[in-house]
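Shown next, in structure tokens, is the structure this report addresses.
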Amino acid sequence: MNWKAIVLIVIGCALAGMVLGGLFGFASGSMTPDFFARVILWEDIEPVGAATFFGATAGVLLSRGLGCFAIIVQVIFQYINRTKEELSQ
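Positions in the sequence shown are counted from 1; adding 12 to them yields this note's numbering.
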């Protein structure tokens with residue numbers, strides 16, 4: 013696995029997480045704006061916008077970590093398969 017593939021996988025995971033987290037934040041902010049109005053300390057911020065922002069931010073962080081974990085697992089499996097092939101020869 014080359015560096016270009018690794019970077020593209022992590023960026024793709026982060027973008028997908030941002031979209032999914034933003035959609036989840038928008039939906040939860042639209043359904044329960046009173047909850048986010050209590051959680052947010054600033055009065056001039058719209059609860060739906062803040063929920064969308066926080067959802068997208070959390071989505072980027074969590075999915076980027078998941079993409080990095082998937083790459084680590086892929087590297088481990090490639091190493092195991094390579095050592096099995098070397099031992100069988």
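Using N, Cα and C, we set each Cβ at its ideal position, and we do this for glycine too.
- Message: Quick check on DSSP: helix, strand or coil for Q90?
- Response: Correct three-state label for Q90: helix.
- Start-end ranges of the beta strand (DSSP E) lying completely within the region 14-90, minimum 3 residues: None, since the region 14-90 contains no complete beta strand (DSSP E) of that length.
- Between Y91, I92, I21 and K16, which lies nearest to G79 when the distance is taken from Cα to Cα? Check the Cα spacing between G79 and each of Y91, I92, I21 and K16: the tightest is with I21.
- Quick one: residues in its chain with C-beta nearer than 7 Å to the C-beta of V60, no 5 flanking neighbours on either side, listed in chain order? Non-local beta-carbon contacts of V60 in its own chain, meaning distances under 7 Å to residues more than five positions away in sequence, involve F38, G41, S42 and P45 in chain order.
- Please check the pair G34 and T64, which I expect to be a contact at CB under 8 Å, by giving their CB distance rounded to whole angstroms. The Cβ separation is near 5 Å, so the contact holds.
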